[in-house]
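Asker: Positions 53 to 366 (our numbering) are the ones given, in order, by the sequence shown.
Ideal Cβ placement from N, Cα and C applies to all residues, glycine included.
Model, not experiment: these values are computed from the prediction.
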Amino acid sequence: MTRTRSARLTGARLDDAARFLWTSGRVLEQRRFAHLFGGESDPAGVLAALDAHRSTDGGYAYGLEPDVRGPAAQPIAVPGALLVLEEAGALDDARARAVCDWLAGVAAPDGGVPVVLPSLRPYPHPPFVPVPEDGEPPVGALLSTGQIVAPLLRRGIVHPWLTAATAYCRTAVENLRETHPYEAGAAIRFLDAAPDAAWARREAARLGALVREQRIVLLDPARPEDALISPGYSPGEYHLPHDYARRPDSLARRWFTAAELARGLDHLAAEQQPDGGWPIHWVRWSASTESEARPGVTLQALLTLRAYDAPGGA
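1. Within the present structure, is the beta-carbon of Phe-85 separated from the nearest heavy atom of the ligand NAD by less than 7 Å?
2. Let me know if Thr-56 comes out buried or exposed under the rule of 16 or more other beta-carbons within 10 Å of its beta-carbon.
3. Reducing DSSP to helix, strand and coil, say where Arg-106 ends up.
4. For Tyr-296, which of helix, strand or coil comes out of DSSP?
5. Can you give me the C-alpha to C-alpha distance between His-441 and Ile-268, rounded to a whole angstrom?
6. Do the CB positions of Pro-123 and Tyr-114 come within less than 8 Å of each other?
7. Going by beta-carbon coordinates alone, are Pro-166 and Pro-184 separated by less than 8 Å?
8. For a minimum of 4 consecutive residues, which ranges assigned as the alpha helix (DSSP H) are wholly contained in the segment 247-273?
9. Please classify Pro-112: does DSSP put it in a helix, a strand, or coil?
10. My guess is that Ala-224 and Gly-163 are in contact by the Cβ rule of under 8 Å, so how many angstroms apart are they, rounded?
11. If you run the structure through DSSP and keep just helix, strand and coil, what is Ser-302?
12. Return the Cβ separation of Leu-66 and Leu-354 in integer angstroms, given the expectation that the two are a contact with Cβ distance under 8 Å.
13. Could you check whether Gly-187 and Arg-241 sit closer than 8 Å to each other, using their CB atoms as the reference points?
14. Which of the three DSSP states, helix, strand or coil, is assigned to Thr-54?
15. According to DSSP, is Leu-61 helix, strand or coil?
16. Run through DSSP, which three-state label would Glu-323 get?
17. Compute the beta-carbon to beta-carbon distance between Leu-319 and Pro-273, rounded to the nearest angstrom, for a pair I have assumed lies under 8 Å.
18. Using 8 Å as the threshold, is the C-beta distance between Ile-209 and Val-168 below it?
19. Rounded to whole angstroms, what's the CA-CA distance from His-87 to Gly-328? Just pull it up for me.
20. Among Ile-332, Gln-266, Trp-251, Arg-299, which one has its Cα closest to the Cα of Glu-289?
21. Where does Gly-157 fall in DSSP's three states?
22. Of all the options Trp-337, Leu-357, Ala-160, which has the alpha carbon lying nearest to the alpha carbon of Leu-214?
23. So, under 8 Å CB-CB, Asp-109 and Ala-125 are touching, yes? Tell me the CB distance rounded to an integer number of Å.
24. Assuming Arg-173 is part of the alpha helix (DSSP H), what are its boundary residues?
25. Starting from Leu-137 and walking both ways along the alpha helix (DSSP H), at which residues does that stretch end?
26. In angstroms with no decimal places, state the Cα-to-Cα distance between Val-191 and Ala-59.
27. Using a Cβ-Cβ cut-off of 6 Å (strictly less than) and excluding sequence neighbours within five positions of Met-53, which residues of its own chain qualify?
28. Taking Cβ positions, are Leu-172 and Val-130 nearer each other than 8 Å?
29. According to DSSP, simplified to helix, strand and coil, what is Gly-198?
30. For Arg-305, count neighbouring C-beta atoms within 10 Å of its own C-beta (all shown protein chains included) and say buried if the count is 16 or more, exposed if not.
31. Taking all protein chains shown into account, decide if Gly-157 is buried (16 or more other Cβ within 10 angstroms of its Cβ) or exposed.
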């Protein structure tokens, strides 16, 4: 007799998450939840909520990325915007071109974009985000560029900046010899979307070996002493297999055994808090940014659990 795997995203778990999002979520996360889980097929509300974060110069600001405050557009806010557009089926040529035009204006000569710009300096920002000095030449980062390039490649966007940024990410991935979880996560997002599939598989295998060798993945939540926390991270800021392989079709899925992935997913499901939301694990430098970040973290947990509950998941 075949044993049926029980779902981790139960109706009760989803109901509790809904209660949290309707109570504590920003308009954007409430609209995303209604679209992704509530049967609201028209994405107009999602797009209207996202547009409220648009800056006058074509970037994204106003706390779209909860750790980056103020009205000055920042590159690290762009991945969240593209995620929402992709979810809504609205990452069209016009929107993509506008984003790429803005990125081209802040990019380094090699196409990479910084995490943040000097314009962030006057506004609240966490102590773990270094802000460049005014007049300092821009320096690209895989952390930001990889996350931005991936959805644009999936959509088949063509833009001069994207061509340069793709080459930048390819070189940055090939040169990775030491990394940390957020950078490795950006790298695997890029590799999952890279047009050269054979190259991406080879580099993903190398990256996965690096992640395991550096012990920057917690393979057994019952044994936190087996993993290392990267410098500057918060105590307990571990990354589990599903943080790298957010979907079962990710190249990072091959880095882990079925048992390792299942332990992590069980831990993710069990992390739901009494209020229905999921916690953040990075430095809590501001109560308001934590409260604004948790709804997005909760949506990501729901999406991950749903992806792995589907046929072919763990």
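Answerer: In this structure, then:
1. Annotation note on the ligand NAD: not contained in the displayed structure, which lists no ligands.
2. What you label residue 56 is simply residue 4 of the sequence shown in a count that begins at 1. Here the model assigns Thr-56 a pLDDT of 43, short of 50, so the residue's position is not dependable and the matter cannot be decided.
3. For the purposes of this step, residue 106 is identified with residue 54 of the sequence shown, where counting begins at 1. Three-state DSSP puts Arg-106 in a strand.
4. For the purposes of this step, residue 296 is taken as residue 244 along the sequence shown, with counting starting at 1. In this structure, Tyr-296 counts as helix in the three-state DSSP scheme.
5. Nothing about residue 441 can be read from this structure; the chain reaches only from 53 to 366.
6. Locating residue 123 in the sequence shown gives position 71, where the first residue counts as 1. Locating residue 114 in the sequence shown gives position 62, where the first residue counts as 1. The answer is yes: Cβ separation under 8 Å.
7. Working through the sequence shown from its first residue, we reach residue 166 at position 114. Working through the sequence shown from its first residue, we reach residue 184 at position 132. In this structure, Pro-184 lies closer than 8 Å to Pro-166 by Cβ.
8. Runs found: 249-265.
9. In the sequence shown, residue 112 corresponds to position 60, counting from 1. Note on identity: in this sequence residue 112 is Tyr, with Pro being the wrong assignment. Strand.
10. Here residue 224 corresponds to residue number 172 of the sequence shown, with the count starting at 1. Here residue 163 corresponds to residue number 111 of the sequence shown, with the count starting at 1. Their Cβ separation, rounded to whole angstroms, is 10 Å, which puts Ala-224 and Gly-163 out of contact at 8 Å.
11. Sequence index remark: in the sequence shown, residue 302 carries index 250 (1-based). In this structure, DSSP gives Ser-302 a state outside helix and strand, which the three-state scheme calls coil.
12. Your numbering for residue 66 matches position 14 in the sequence shown. Your numbering for residue 354 matches position 302 in the sequence shown. Indeed they touch by this definition, with Cβ atoms about 7 Å apart.
13. Stepping through the sequence shown from its first residue, residue 241 is reached at position 189. Stepping through the sequence shown from its first residue, residue 187 is reached at position 135. The answer is no: Cβ separation not under 8 Å.
14. Within the sequence shown, numbered from 1, the residue matching residue 54 stands at position 2. Caution is warranted here: a pLDDT of 34 is assigned to Thr-54, below 50, making its placement in the model unreliable, and the coordinate value is therefore given only provisionally. Correct three-state label for Thr-54: coil.
15. Translated into positions along the sequence shown, residue 61 becomes position 9. In this structure, Leu-61 counts as coil in the three-state DSSP scheme.
16. Along the sequence shown, one-based indexing puts residue 323 at 271. In this structure, Glu-323 counts as coil in the three-state DSSP scheme.
17. As a first step, residue 319 must be located in the sequence shown, where it is residue number 267. As a first step, residue 273 must be located in the sequence shown, where it is residue number 221. Sequence inspection shows His at residue 319; the Leu mentioned does not correspond to that position. Indeed they touch by this definition, with Cβ atoms about 4 Å apart.
18. Within the sequence shown, the letter at position 157 stands for residue 209. Within the sequence shown, the letter at position 116 stands for residue 168. No.
19. Within the sequence shown, numbered from 1, the residue matching residue 87 stands at position 35. Within the sequence shown, numbered from 1, the residue matching residue 328 stands at position 276. The straight-line gap from Cα to Cα measures roughly 19 Å.
20. Your numbering for residue 289 matches position 237 in the sequence shown. It is Ile-332.
21. Position 105 of the sequence shown, counted from the start, is the residue given in the question as residue 157. Note: Gly-157 maps to helix in three-state DSSP.
22. Counting from 1 along the sequence shown, the entry for residue 214 is found at position 162. Of the listed residues, the one whose Cα sits closest to Leu-214 is Ala-160.
23. Position 57 of the sequence shown holds residue 109. Position 73 of the sequence shown holds residue 125. Going by Cβ atoms, the distance from Asp-109 to Ala-125 rounds to 6 Å, so yes, they are a contact pair.
24. The count along the sequence shown starts at 1 and reaches residue 173 at position 121. Looking at the DSSP string, Arg-173 is not in any alpha helix (DSSP H), and its letter there is neither H nor E.
25. Mapped onto the sequence shown, residue 137 falls at position 85. Taken as a continuous stretch (DSSP letters only), the alpha helix (DSSP H) holding Leu-137 covers 130-139.
26. What you label residue 191 is simply residue 139 of the sequence shown in a count that begins at 1. What you label residue 59 is simply residue 7 of the sequence shown in a count that begins at 1. Cα-Cα distance, rounded: 44 Å.
27. In the sequence shown, counting from the first residue as 1, residue 53 sits at position 1. Because the pLDDT of Met-53 is 30, which lies under 50, any placement of that residue in the model is unreliable, and the number read from its coordinates should be weighed accordingly. Result list for Met-53: empty, nothing under 6 Å.
28. Position 120 of the sequence shown, counted from the start, is the residue given in the question as residue 172. Position 78 of the sequence shown, counted from the start, is the residue given in the question as residue 130. No, these two residues do not count as a Cβ contact at 8 Å.
29. Start at 1 with the first residue of the sequence shown, and residue 198 comes out as number 146. Correct three-state label for Gly-198: helix.
30. Your numbering for residue 305 matches position 253 in the sequence shown. When all chains shown are included, Arg-305 counts as buried.
31. As a working mapping, residue 157 is identified with position 105 in the sequence shown. Answer is exposed; the Cβ neighbour count stays below 16.
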